[in-house]
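Numbering (this note's numbering) for the sequence shown: 1 to 110. C-beta atoms are modelled at their ideal positions from N, C-alpha and C, and glycine is treated no differently. In this text, all values refer to a predicted model and were calculated from it rather than measured experimentally.
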Amino acid sequence: MKNPNDKYYQIPSKSQFPNPKEGKIYDIRERAFCFAQRVLEIAEKLPQNRVCDVLRTQIVKSGTSIGANVEEADGTVTKRDFVNKMAIARKEAQEIINILSAIINKTKTK
1 MKNPNDKYYQ IPSKSQFPNP KEGKIYDIRE RAFCFAQRVL EIAEKLPQNR VCDVLRTQIV
61 KSGTSIGANV EEADGTVTKR DFVNKMAIAR KEAQEIINIL SAIINKTKTK
């Protein structure tokens, strides 16, 4: 008999999708939160100089914005608004990938 309190039998929110490989809920909100935590750790480790200060500000804004937009999307009423909020989250993710790639490339050339 299914336990209604078991998260595997609850109706997932808009940001939760089944992960067929693991047979469990894929929660984009949880992943976005963990990603934001890692971004904050990276930001703290950047050296204190003018360039890194700008990069630090930008990665913190983009990295935390992903989760904020996913949360907003989860509370939308229309499918169009949901898609729009998720698209914004994706754009923020692409932006931070670009910035982190530049940081990694710069540290490799030193």
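Contacts around residue i, its chain only, beta-carbon distance under 6 Å, and the 5 residues preceding and following it disregarded
| i | result |
| --- | --- |
| Arg56 | Ala43, Leu46 |
| Ala93 | Ile66 |
Assumed close pair residue i, residue j - CB separation to whole angstroms, cut-off 8 Å
| i | j | result |
| --- | --- | --- |
| Val39 | Gly63 | 3 Å |
| Asn69 | Lys85 | 5 Å |
| Ile59 | Ile88 | Not really, about 17 Å apart at Cβ, beyond 8 Å. |
Cα-Cα separation between residue i and residue j, rounded to whole angstroms
| i | j | result |
| --- | --- | --- |
| Asn98 | Thr76 | 29 Å |
| Ser101 | Arg80 | 32 Å |
| Thr78 | Arg29 | 19 Å |
| Arg90 | Ala32 | 11 Å |
| Glu72 | Gln37 | 19 Å |
| Asn49 | Lys61 | 18 Å |
| Pro74 | Ile103 | Strictly speaking, residue 74 in this sequence is Asp, with Pro absent from that position. Cα-Cα distance, rounded: 32 Å. |
Contact set for residue i: own chain, Cβ-Cβ below 8 Å, skip 5 residues either direction
| i | result |
| --- | --- |
| Cys52 | Leu46 |
Same chain, Cβ closer than 7 Å to residue i, neighbours up to 5 away in sequence not counted
| i | result |
| --- | --- |
| Phe35 | Gly63, Ile66 |
Write down every uninterrupted run of the alpha helix (DSSP H) in the stretch 13 to 93 whose length is 4 residues or greater and which is fully enclosed by it, in chain order.
28 to 45, 50 to 74
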